[in-house]
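Asker:
4 protein chains.
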Amino acid sequence: MNEFEDLAARLRAFAAARDWEQFHTPKNLAMALAGEAGELVAELQWLTEEQIREQVGGGELRQRVSDEVADVLLYLVRFADVCGIDPLRAALDKIDRNEERYPAALAKGSATKYDQL
Amino acid sequence: MNEFEDLAARLRAFAAARDWEQFHTPKNLAMALAGEAGELVAELQWLTEEQIREQVGGGELRQRVSDEVADVLLYLVRFADVCGIDPLRAALDKIDRNEERYPAALAKGSATKYDQL
Amino acid sequence: MNEFEDLAARLRAFAAARDWEQFHTPKNLAMALAGEAGELVAELQWLTEEQIREQVGGGELRQRVSDEVADVLLYLVRFADVCGIDPLRAALDKIDRNEERYPAALAKGSATKYDQL
Amino acid sequence: MNEFEDLAARLRAFAAARDWEQFHTPKNLAMALAGEAGELVAELQWLTEEQIREQVGGGELRQRVSDEVADVLLYLVRFADVCGIDPLRAALDKIDRNEERYPAALAKGSATKYDQL
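Residue numbers (this note's numbering), protein chains in the order written: chain D, 1 to 117; chain U, 1 to 117; chain H, 1 to 117; chain Y, 1 to 117.
1. Considering only the beta carbon of each residue, do Ala111/H and Val69/Y sit closer than 8 Å?
2. What did DSSP end up calling Gly35/Y once you bin it into helix, strand or coil?
3. Since Val41/Y and Ala30/H are thought to touch, with beta carbons under 8 Å apart, how far apart are those beta carbons, to the nearest angstrom?
4. Mind listing which residues of the region 17 to 29 of chain D have their C-beta closer than 9 Å to chain Y's C-betas, in chain order?
5. Using a cut-off of 7 Å between C-beta atoms, extract the partners of Ala34/D located in chain Y.
6. Using 7 Å as the cut-off, classify the Cβ of Arg12/H as near or not near the heavy atoms of the ligand SAM, replying yes or no.
7. Between the beta-carbon of Leu44/H and the beta-carbon of Lys27/Y, is there less than 8 Å?
8. Can you tell which of Ala8/Y, Ala15/Y, Ala17/Y, Leu33/Y has its C-alpha closest to the C-alpha of Val72/H?
9. Using the beta-carbon count (16 or more within 10 Å), is Pro103/D buried or exposed?
10. Please identify the residue among Leu117/D, Asp86/D, Leu106/D whose C-alpha is closest to the C-alpha of Ala9/D.
11. Assuming Lys108/D and Asp19/U are in contact, meaning their beta carbons sit under 8 Å apart, how far apart are those beta carbons, in whole angstroms?
12. If we count the other Cβ atoms within 10 Å of its Cβ and call it buried at 16 or more, is Arg97/D buried or exposed?
13. Note down, in chain order, each residue of its chain lying with its Cβ closer than 7 Å to the Cβ of Val82/U, except the 5 sequence neighbours on either side.
14. Which ranges would you report for the alpha helix (DSSP H) in the region 77 to 104 of chain U if only whole runs of at least 4 residues count?
15. Can you give me, in chain order, the residues of the region 102 to 116 of chain Y that have a beta carbon less than 7 Å from any beta carbon in chain H?
16. Where do the N-terminal and C-terminal ends of the alpha helix (DSSP H) with Ala16/H fall, by residue?
17. Taking only the alpha-carbon atoms, compute the straight-line gap between Ala13/Y and Glu36/Y and give it to the nearest angstrom.
18. Beta-carbon of Gly58/U versus every beta-carbon of chain Y: anything under 8 Å?
19. Determine, using beta carbons only, whether Val77/D and Phe4/D come nearer to each other than 8 Å.
20. How would you write the range of the alpha helix (DSSP H) that Gln51/Y sits in, first residue to last?
21. Which of the three DSSP states, helix, strand or coil, is assigned to Glu68/D?
22. Anything in chain Y within Cβ reach of Val41/U, meaning under 7 Å, just list it in chain order.
23. Quick check on this structure: which residue in Asp67/D, Ile95/D, Glu99/D, Lys94/D has the alpha carbon closest to the alpha carbon of Glu39/D?
24. Since Leu74/D and Ile95/U should fall inside the 8 Å C-beta cutoff, what is the C-beta to C-beta distance between them, to a whole number of angstroms?
25. Determine, for Asp81/H, whether the minimum Cβ-Cβ distance to residues of chain Y falls below 8 Å.
26. Say whether chain D places a C-beta atom closer than 8 Å to the C-beta of Gln45/H.
27. Taking Cβ-Cβ distances shorter than 7 Å, what residues in chain B pair up with Arg78/Y?
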């Protein structure tokens, strides 16, 4: 079992033990994921990039950002599992596709979207 | 190397080859993550839970949802890497903490937040 | 002055009095808006539509949802003002365009996106 | 009727004419709002604040950002209406409360949250 399957199994057991499967529908989990992405963004919104780089190495900001990263990941894994989707496979396929869409020679140094290259 | 470190390494190489590290600041990556979480939610917003369960097993909806899961995961891994955070460690620590905050006996069948249990 | 201009003026004064213009950049305000949209979604994610309809008429849920509606609106108005965009004008133009894209005869009862009608 | 009530009435008529009330539940509308907030953030994520200030005054970026501001506002007004919440009243109450929570003398030049002042 890889780490993703391992997390999915722990989350399945966690939800089952608490009779929470009733709440873990695709829509609810997608909403929870969006909520946590919002919390992650909120931790950084008033800081400058310099302040973030200085503070994210340790201390309070690191803990809070770490927690939000965890929350996003946990809901993402749970969402994918409930939908029968393999998130690792999906991510690897997407990197492959991005490598084709954004050939290094064309895309270098530019954030232009692939359909405008 | 576990799958998370593997994804992080591929994304590091992907960004370096395209001279994209300049765009991959913590704030920009957090914004990209929130944007993709929004795209995931948008795929489901007009569907009922029943329609989602029927359609997410295969076909167009599965592909689009899979792509959004991938996009969220890729930005999450890249964000964590740029901040020097281990997303797997963070997630495992968070499940442990959630198990303490939501003891099965107290939390069973209820979505009440831990500070109200 | 219409209500939107009125809110924008109050928010301008509020930020100036606290020397907060430095934080109110377009990107920061867009992040704050996404964060508040996340908080709104989080208030509803574990509730069923029936529970929401029963509870949103008054009491705690109403107050919390009201607050999140307010937060989203305030950041939206502030963001638009900082970018020199008229949100009311933009919204009215968008409804007009949506009326053309989704002619009632074609769009009735279907959530299909306009480019698939 | 103020501008908010006017927008709400137009959106009510728009939805009724297309038999779309079935889709406009509180959860669906909150999801749509989060999706549009994500689209707004996505328009800005790779740009620097300087690039945004240069480009948002006119041209393509202005149009796209304007459209996203419109989409967020329209879903917010529709969501509030479906929940029986007055968004203008909520926003005015919130500014009042923020003025108490963040007295200018204490809050000047600092983004510290009110419970830490």
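Glycine is no exception: its CB is placed at the ideal position from the N, C-alpha and C atoms.
Answerer: Inspection of the coordinates gives the following:
1. no
2. helix
3. 5 Å
4. Lys27, Asn28
5. Ala34
6. With respect to the ligand SAM, the structure shown offers nothing to examine, as it has no ligands at all.
7. yes
8. Leu33/Y
9. exposed
10. Asp86/D
11. 5 Å
12. exposed
13. His24, Pro26, Leu29
14. 87 to 101
15. Tyr102, Ala104, Ala107, Lys108, Gly109, Ala111
16. 3 to 17
17. 21 Å
18. no
19. yes
20. 49 to 55
21. helix
22. Met31, Ala34, Gly35
23. Asp67/D
24. 7 Å
25. no
26. yes
27. Going by chain labels, chain B is absent from the structure shown, which instead holds the protein chains D, U, H and Y.
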